[in-house]
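> The structure follows.
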Amino acid sequence: MTTHASTPQPGSRPTPHHLLLRVSKANKKTLGLFAEGINLHGATARTLVDLQHQACADRILLAKTFLHSGNRLMRVRPPEYRSAISRYYYSMYHAIRAVAYFNEGGDDKESHSMLPSAVPSDFADSAIWQNELKDARSRRNEADYDPYPINPLDWRGVARDLQGKAPTLLVLAETYLKKKGCGHL
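Counting in the numbering used here, the sequence shown runs from 317 upward without gaps.
Right under this line is the structure:
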């Protein structure tokens, strides 16, 4: 097989001429992305992969913050079940968003409707957690937007259910990311 002189061999390091050729053939948008990459590295002195790992770890911290907020809302008297449901959902959402970001190599599945499908197949009980995340979102929407039921006690069961599921999912997400090599957890 012959290769074009301007194409580096797979696994080999591109020469300065290969890189200049890429720059010379890049459109304006691509050149802007190149510039942003150079700026990211220059400003942080960190690799893109390291920054991605940091972003995953920080999203796990955000998920923990929402979990703690949900727990506080359950402890106040009277408990604020509707608000707790919302916080538990967002804990679950951000835990899976970190996993999906790491697995996909970007934040391509961040929308609430797409994220459940981004739970990796090698994630523990993947299909179950896809459904749990969909259900938690539905419950969060009801708690945030529906005026009924009016009695706060009617929301207690959902809040307690998510109070148990959110920390379980968070532990699974953090374990998954560590196992996959996320360097900041």
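Every residue gets a Cβ at the ideal spot worked out from N, C-alpha and C, and that includes glycine.
For S402, which residues of its own chain have a beta-carbon under 7 Å away from its beta-carbon, when the five flanking residues on both sides are left out?
Taking the sequence shown and counting its residues from 1, the one referred to as residue 402 is at position 86. R456, A459 and D460.
> If you draw a straight line from the C-alpha of H357 to the C-alpha of H410, how long is it?
Walking along the sequence shown from the start, residue 357 turns up at place 41. Walking along the sequence shown from the start, residue 410 turns up at place 94. The straight-line gap separating the alpha-carbon atoms of H357 and H410 is approximately 26 Å.
> Counting only beta-carbon separations shorter than 9 Å, does R329 have a partner in chain C?
In summary, chain C is missing from the structure at hand, where a single protein chain is found.
> Should Y492 go down as buried or exposed, given a rule of 16 or more other Cβ atoms within 10 Å for buried?
By one-based count along the sequence shown, residue 492 stands at place 176. Buried.
> Assuming the contact rule is C-beta atoms closer than 8 Å, Y404 and A440 should be a hit. Round their C-beta distance to whole Å, please.
Looking up residue 404 in the sequence shown gives position 88. Looking up residue 440 in the sequence shown gives position 124. Y404 to A440, Cβ: 19 Å. No contact.
> Once you ignore the five residues that flank K481 on each side, which residues in its own chain have a CB closer than 8 Å to its CB?
For the purposes of this step, residue 481 is taken as the residue at position 165 of the sequence shown. So the list reads Y404, M408, E448 and A452, once near-sequence residues are dropped.
> Rounded to the nearest angstrom, what separates N419 and L389 at their Cα positions?
Here residue 419 refers to the residue found at position 103 when the sequence shown is read from its first residue. Here residue 389 refers to the residue found at position 73 when the sequence shown is read from its first residue. Their backbone Cα atoms lie some 32 Å apart in a straight line.
> Output the residue ranges of the beta strand (DSSP E) runs that lie fully inside the stretch 414-457 and measure 3 residues or longer, sorted by chain position.
Qualifying beta strand (DSSP E) stretches: none in this window.
> If I measure Cβ to Cβ from S385 and keep anything under 7 Å in the same chain, skipping five residues before and after, which residues do I get?
The residue you call residue 385 lines up with position 69 of the sequence shown. Only R403 meet the Cβ criterion.
> Just how far apart, CA to CA, sit C498 and Q479?
Here residue 498 corresponds to residue number 182 of the sequence shown, with the count starting at 1. Here residue 479 corresponds to residue number 163 of the sequence shown, with the count starting at 1. Between C498 and Q479, the C-alpha separation is close to 26 Å.
> Anyone know if the C-beta pair for V435 and S427 falls short of 9 Å?
As a working note, residue 435 is residue 119 in the sequence shown. As a working note, residue 427 is residue 111 in the sequence shown. No.
> DSSP three-state label for K345, please.
Against the sequence shown, residue 345 aligns to sequence position 29. Here K345 sits in helix by DSSP.
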